[in-house]
Each structure stands twice: as C-alpha cells, then as structure tokens.
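*Asks:* For reference, the structure I am asking about is given below.
Chains as they are written, first to last, in this note's numbering: chain G, 1 to 328; chain S, 329 to 677.
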C-alpha cells in the first residue's frame, strides 16, 4: 500500500509542477502575450487590450499569489477560459468534443502496440536468430520514420489510391453522431488506418525493449532450473522468463507514454482526425494561447493518470512492490 | 560476423595486424551499418551546403520549372514554386543535424551533471534531484514545447535548441544516476578517496570515465529525440519557417499539397532522410548495447547443436528428447556430429 501512496504523492507533485509551469509560462515569457496577440492580429483596436488581458487571465488584479490561487481554482472547476480562434466557444467545451476521440483511438492503439510488441519480443528472445528476431532491424526503420510521414504515405497509398480505407476524418458525413450503429461502424472504419499507423510505428520499440530484457532473464539460473525440472517450454518461457522481464517493460511503458502520445497527436493532424491533435494544430496556427495551455494540461494529466494505472498493474503483477516498504 | 579465437596464434603475430581494423571488424553489424549511415549524413551536412546546385529558396519564375520531376537539371526535381529539392535537402540535413547535435551535447552534459550529483551527494539532494528528473520525464515534452515556443515572439533555431535541451536530459540522468550509484561503492573509488583525492577529481577522473558507454548511448538517444521533436515541431509550423530544415521541408510539402499533386520527389526525400537518420542512430545504440552486453550480440556466432541454436554465452542446454530413431547409415553419420557428444553418444535401441 505504501508503494501506491508514494506513487500517488509523486503524481500529485508532477501535476502541481505542470500546473505551475503552465501558470508561469505566459508571465515569464519575453515580451507580453497580449502584445504578441495584438501584433499578430493587426486589425485589433487598441481598446481590445483589456479584453485580451481578461481572456488570457494575465490581467488579473491582485498579487501574483492571488492570481495563482484563482488560477488553480479555475482549473479545478475546469474553467480554462474562452478560445480565441473559435470564439465564443469555451476551451473546456472544445476539449470535451475532442478528448473522447483521441482517448479511444490513441488508447486502444497504444495498448495493442504494447501487447503485440511485448509478445513479439518474447518470441524474438526465445527463438534467437529466428525470423522474428531477424525482422527487428526492419521494424526499427518503421520506428524511426516520423509518425506523420508514415501516416501521409499510408493515407495516400491505402486510402486515396487503393480506396481500401476512408480518407481522413473521424466519421463519414452521411451518418449522424450518436450512439447508433451506422455512426459507430463508420467511426471504427475511419479509425483503422490511424490505429494501424500508431501500432506499426511503436511496436518495434516495445519489441526491442522486451527482447533485450528477456534475453538477460533467459540466461538466469532459475530459467535453467525450470528447464532442468522438465517443465514444458511454454511454461518456462511465459511463467519464468517473460514474467520477470515484463516488470521493467511495464515501467518503461509508463515512462514512454508521453512520447507515444505526442507522436500520435501529430499523426491525428495528417488524418484530420477530430481529436486533440487537430485541435492543437488549429490552436497553434491561430495563436490560441488559452487553448494551447489547456491542451498541454489535459495531455499531461492524461499521461500522469495512465502512469498511475500502470503502477496499479505493477502492484498486482509484482509481489515485491506490495511487500517492499520504500519501493522505488 | 566472424570471431577468430586467438587460441593457436602466436602472441607476436596477433598484435601485428592493424588494430583499428580488427576493432572495427569486431563491432556488431548493427553498429557498423549505423556508423556508416551516420557518416554519410555527416558528410552531406558538412560539404552539402557548399555544393548545392541552386539557392534552396530561389523561386524560379518560369512555370515550366514548377513541380518538375527528377531530371538532369534538378536531380530531385522541383517544388511548386520551382525551388530545387536537392538543394533544400542538403541545406536541411545540415540544419537538422546541427540542431540535434547541439541539443545532444547540452542535454547530455546536463544529464551527467544532474545524474552524477544526485548519486554522489545522496540523501536529500538525491531525493530532490531524482524527483525533478522523474517529474520532467513524465510530463509529455511535445505539448509543453509547443506552448513554450508558441509564446516566444520569434521562433528561431536558438530558442528551439534551448527548450529541447531543457526537456531532453532526464532520461539520461536517470540511467547515469543508477550507474553512478553502482560505481560509487566500488573499491577503486574508496581507494582514491583514502588517498585524499578531491571530490571533483574523483568524479571527473574515476567515475565519469567509467560511464563513457552509458553517456555515449544517452547522447545518441538525445540526438534521436531532438531530431524527432524538431521535425514534428516544424511540421506543425512551430519554427522559423524561412529556414530550410528537414522539418520545414515537410511542412511546406504538406501545406502546398505535394502529396495530392503527386509530387513524391518533393515530400519523400526529407521523410526518408529523417527515417534513415533515425534508423542509423537506433542501430548505433543497439550496437552499443551489444558491445556492453554479450548476451545481446547477434546470433551469427551461434552454432546448431542437437537442433538448437546455441551461442557461446548460453547455459548448457538441457535436452529432454530421446534421440530420434534413424537408419543404419544415419546413425553412423550421426556419431560424427556434434549432437552425439551432447546426447551421450550413439543410439541404444
């Protein structure tokens, strides 16, 4: 239990750091965010200065501490202000529309990639020099390709030229969003290619990591002992070698999540997938600072939460995490 | 990879062949391929901008030169506004590599300082620095980069380098801290402390040289991260769009619809360059891993014994199966094979 409490405390600290960074960015940046916006939209009247200030939340009266407290209060109530580019929509309503898309697509695809990669890593380590193992350098090429570039190519070849998949978007224009069968079918149809892109680009990383840890565990004496006892090969591989190699793999999963999610966001842009990535692009291209900052917070919190879940899984899988006092 | 065992060779004849070549040959294949690829890119980055056939930004007004497929005059074709793709690529490789290398150096130095300090000071300092490391590690870098760079009045090379470096060190710092903790308790460190060496001297001459491999690996990883992040940032337009890097090439190709126009020679070269550069770095790193951990080395020097692939580092195999029944000729031939040695020889029927 103390392991979980420690981790929880850590994530709270991390969340607080992210919140604080987010608070200080507009205040610490050279120049003035309000002026930056004013200069980027030359047709704004000088009288708009106060309005933009209020919108960005930088013109708050009172001391810095006072601003900080009211900022935390706003975030706690999911009040991120108003979007500049899609006025008068609030930032939270925009986020509410896009989060489910990203969460479903990136979440499921990442888990699939992790499971498949770990499985392939086990096979590659157990059958060293076999065809799975030898395919690894080829897969590493896919991993090195920028997500969005592979997405571009796949979109062009499989969707535009071969008509195997729909071209971009989250769902077809002919269906009405909601919990009806045609819409869900269309959404699934539209998500296959983006999900496939995520899987193919990230699977090699999980595979390489699992293989390398697994190769070391296979050399351990307890694996040899398992074989010597005459246990069937599958049992030795899965229960002796893989189970122990899986723990570092899980920890790596939590730590690498930030990278994977970031890559997936850029990939969404290519597919015009109606998720947070696309929202982020529109925020960047229209200098929508409140939206950008809120997206940063949301993604950070999502990654922290996913890490907490990974830690819970570790407690289930690893008896040492349960018994050790100061587990770290 | 062939491994020559120096069993029968006389000691004198062993040292005669050029050692550099021998060392190169002993490198894992992955590392060799990676190093060669990286060398080609480095060469392109160094001499590329000197030999570019055209000014990469020069827009040829002649409409016949718009979107020209690769040919003699333009080896990689032209963009929509008649710019030479090859020139852009050569200049772009330099800018991207330059940025990645600087970020790699700065972030790795930060990682070494923070990792070594945390492990060596211990106690509350270690707690604090480890906490900092883990927090920066767990906060997703790309959205933060976008917000930070989005606020900057001008988006150039320098702010990007600065911000990428500030977010790129924790992975390395974590590894280096763990390694330093392991080395710190070794005898030679205790010995140098007994002889009155100063702390900075112990750090600089006893501990850090023992972490060269790890530092090199984390440098390569950081360069990889810097390339990926800078290209992604440029792709969504958070960069100085008037300069030519692999990322801005992709940005312009995407925003001017190179793909829809069928101009593969426009968007493919920068993408493939990034991918090859990334592959080279990943291969190099795998090679480093293999150098440090013999178990990971490729299976080329394995031999097949009793139907199993075995490497020299493997434990002695435990074989369950009864020897297969064979005909008289097969059994006779088998008695010469290596597997007969393992299964206790001959077949008792």
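Quick reminder that beta carbons are idealized off the backbone N, C-alpha and C, glycines included.
#1: Which runs of the beta strand (DSSP E) fall wholly inside the segment 278-320 of chain G and span at least 3 residues, in chain order?
#2: Relative to the alpha-carbon of residue 166 of chain G, which residue among G/157, G/81, G/189, G/147 has its alpha-carbon at the smallest distance?
#3: Going by the DSSP bridge assignment, what does residue 412 of chain S pair with across the sheet?
#4: Check the Cβ of residue 156 of chain G against every Cβ in chain S and list those closer than 8 Å, keeping chain order.
#5: Are the beta-carbon atoms of residue 124 of chain G and residue 132 of chain G separated by less than 7 Å?
#6: Which term fits residue 101 of chain G, buried or exposed, when burial requires 16 or more other beta carbons within 10 angstroms of its beta carbon?
#7: Does DSSP classify residue 90 of chain G as helix, strand or coil?
#8: Taking only beta carbons into account, state which residues of the segment 455-480 of chain S come closer than 8 Å to chain G, listed in chain order.
#9: Against chain S, with Cβ distances strictly below 7 Å, would residue 293 of chain G count as a contact?
#10: DSSP three-state call for residue 380 of chain S: helix, strand or coil?
#11: What residues of chain S sit near residue 299 of chain G, judged by a beta carbon separation below 7 Å?
#12: With a cut-off of 8 Å, do at least 3 Cβ pairs link the segment 419-432 of chain S to the segment 373-380 of chain S?
#13: Under 8 Å, with one C-beta from each stretch per pair, do the segment 447-457 of chain S and the segment 543-563 of chain S reach the 3-pair mark?
#14: Note the first and the last residue of the continuous alpha helix (DSSP H) segment covering residue 498 of chain S.
#15: Is there a C-beta anywhere in chain S that falls below 7 Å from the one on residue 266 of chain G?
#16: How should residue 299 of chain G be labelled, buried or exposed, when 16 other C-beta atoms within 10 angstroms of its C-beta is the threshold for buried?
#17: Can you pull the chain S neighbours of residue 105 of chain G, defined as C-beta to C-beta under 7 Å?
#18: So, is residue 465 of chain S buried or exposed, given that buried needs 16 or more other C-beta atoms within 10 angstroms?
#19: Mapping DSSP to helix, strand and coil, what is residue 322 of chain G?
#20: With burial defined as no fewer than 16 other Cβ atoms inside 10 Å of the residue's Cβ, what is the status of residue 672 of chain S: buried or exposed?
#21: Which of the residues in the segment 558-582 of chain S, read from start to end, lie with their CB under 8 Å from any CB of chain G?
#22: Between the beta-carbon of residue 236 of chain G and the beta-carbon of residue 249 of chain G, is there less than 7 Å?
#23: My assumption, with CB atoms under 8 Å, is that residue 217 of chain G sits in contact with residue 241 of chain G. Please give the rounded CB distance.
#24: Taking only beta-carbon atoms, is residue 491 of chain S less than 7 Å away from chain G?
#25: State yes or no: is the beta carbon of residue 313 of chain G nearer than 7 Å to at least one beta carbon in chain S?
#26: Helix, strand or coil for residue 486 of chain S? Go by DSSP, reduced to three states.
#27: Closer than 7 Å, Cβ to Cβ, to anything on chain G: give me those residues from the segment 536-556 of chain S, in chain order.
#28: Sort out for me which residues DSSP pairs residue 82 of chain G with in a bridge.
#29: Under 8 Å, with one C-beta from each stretch per pair, do the segment 468-477 of chain S and the segment 489-496 of chain S reach the 3-pair mark?
#30: Nearest chain S C-beta to residue 140 of chain G closer than 7 Å, yes or no?
#31: So does the segment 596-616 of chain S actually touch the segment 565-583 of chain S, counting three or more Cβ pairs closer than 8 Å?
#32: Out of G/204, G/83, G/158, G/97, which one is the CA nearest neighbour of residue 253 of chain G?
#33: Looking at the C-beta of residue 606 of chain S, does it have a partner C-beta in chain G at a distance below 7 Å?
#34: According to the neighbour-count rule (16 or more other Cβ atoms, all chains shown, within 10 Å of its Cβ), is residue 128 of chain G buried or exposed?
#35: If you measure from the beta carbon of residue 602 of chain S to each beta carbon in chain G, is any gap under 7 Å?
#36: For the segment 106-194 of chain G, which segments carrying the alpha helix (DSSP H) assignment without a break, of at least 4 residues, lie completely within its bounds, in sequence order?
*Replies:* Reading it off the structure:
#1: none
#2: G/189
#3: S/406
#4: 587
#5: Yes; because the gap between Cβ atoms is below 7 Å, this pair is in contact.
#6: buried
#7: Three-state result, residue 90 of chain G: strand.
#8: Under the 8 Å Cβ criterion, the segment 455-480 of chain S contributes 459, 462, 463, 465, 466, 467, 468, 469, 470, 471, 472, 474, 475, 476, 478, 479, 480.
#9: yes
#10: coil
#11: 468, 471
#12: yes
#13: no
#14: Bounds of the alpha helix (DSSP H) holding residue 498 of chain S are 498-512.
#15: yes
#16: buried
#17: Within 7 Å Cβ-Cβ: nothing; residue 105 of chain G doesn't reach chain S, min ~17 Å.
#18: buried
#19: DSSP places residue 322 of chain G in helix when its eight states are reduced to three.
#20: At residue 672 of chain S the pLDDT is 46, less than 50, meaning the model places this residue with poor confidence and gives no usable figure here.
#21: 559, 560, 563, 564, 565, 566, 578, 582
#22: no
#23: That pair is a contact at about 5 Å.
#24: With 7 Å as the cut-off, residue 491 of chain S does not count as an interface residue toward chain G.
#25: no
#26: helix
#27: Taking 7 Å as the cut-off between beta carbons, the residues of the segment 536-556 of chain S near chain G are 556, in sequence order.
#28: G/90
#29: yes
#30: yes
#31: yes
#32: G/204
#33: yes
#34: buried
#35: yes
#36: 131-134, 136-144, 147-154
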